[in-house]
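Numbering (the working numbering), first residue to last: 14 to 228.
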């Protein structure tokens, strides 16, 4: 199977079985999604979703959060991984939104990565989820799944994987392909003991092909 054929198989499979794939983070507006994605670094979406309601109740927008002190915000996110850094990032991010963007979340990767706590992956998530821009956020799940299937070849870094995925997925599907891969990695193609027996991608998967040859 060529790489083009592999992409076509994956696209057809997920288009049929996960046509409405979307983020599992709960949010009502771009600011809330930005807060949730910053909190989700090295933390589960489930834990973030348990934490954000109390944050959004007290700090519904950039203006209110920009006025928060560390002592105000930290107790609300102390159950999240790296709460010290994330508290500072959220306050700094909100302050910069007020100072440079009139309290609005910008919709370009270049502007988003200026914000404290926002790297390329987070910026790609925001622009693809909110604006359906053709940006591919590569987290550990996307990186692992795309390599196992064979969608990426010898990609040593998330940026290298991103470039390959953006090149081969049709532009109009890139924002959705991120969710296809991340959800597949979260529930089927898990890091340890992937559930190959229940995976519909098996006919196109390099990992599964190699696994069969070893048996």
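We put the beta carbon where it would ideally sit given N, CA and C, even for glycine.
Residue burial classification, residue 50 (beta-carbon count within 10 angstroms, cutoff 16): Within the chain shown, residue 50 is the residue found at index 37, counting from 1. By the neighbour-count rule (16 or more Cβ atoms within 10 Å), residue 50 is buried.
Length of the line joining the Cα atoms of residue 19 and residue 95: Numbered from its first residue, the chain shown carries residue 19 at position 6. Numbered from its first residue, the chain shown carries residue 95 at position 82. Approximately 38 Å between the Cα atoms of the pair.
Boundaries of the alpha helix (DSSP H) in which residue 47 is found, first to last residue: Your numbering for residue 47 matches position 34 in the chain shown. From DSSP, the alpha helix (DSSP H) with residue 47 extends over 43-52.
C-alpha distance - residue 117 paired with residue 27, whole-angstrom precision: Locating residue 117 in the chain shown gives position 104, where the first residue counts as 1. Locating residue 27 in the chain shown gives position 14, where the first residue counts as 1. If I take the Cα positions, the gap works out to 33 Å.
N-terminal and C-terminal residue of the alpha helix (DSSP H) that residue 213 is part of: If you number the chain shown from 1, residue 213 lands on position 200. Membership of residue 213 in any alpha helix (DSSP H) is not indicated, and neither H nor E is assigned to it by DSSP.
Contact between the segment 35-51 and the segment 100-108 (3+ Cβ pairs under 8 Å): yes
Contact with chain B by residue 46, beta-carbon distance below 8 Å: Of the protein chains in the structure, only one exists, and it is not chain B.
Whole-number beta carbon distance between residue 204 and residue 157, since they are thought to touch under 8 Å: In the chain shown, residue 157 corresponds to position 144, counting from 1. In the chain shown, residue 204 corresponds to position 191, counting from 1. Here residue 157 really is in contact with residue 204; their C-beta atoms are around 6 Å apart, less than 8 Å.
Nearest residue (CA-CA) to residue 223, options 163, 112 and 213: Counting from one through the chain shown, the residue named residue 223 turns up at place 210. The residue with the shortest Cα to Cα distance from residue 223 is 163.
Rounded C-alpha distance that separates residue 38 from residue 74: To locate residue 38, count along the chain shown from 1; it is residue 25. To locate residue 74, count along the chain shown from 1; it is residue 61. Taking the straight line joining both Cα atoms gives about 17 Å.
Expected contact under 8 Å - CB spacing of residue 134 and residue 150 to nearest Å: For the purposes of this step, residue 134 is taken as the residue at position 121 of the chain shown. For the purposes of this step, residue 150 is taken as the residue at position 137 of the chain shown. With a Cβ gap of about 5 Å, residue 134 and residue 150 count as contacting.
Alpha helix (DSSP H) runs wholly inside the segment 137-164, at least 4 long, in chain order: 153-162
Three-state secondary structure (DSSP) of residue 220: In the chain shown, residue 220 corresponds to position 207, counting from 1. DSSP places residue 220 in helix when its eight states are reduced to three.
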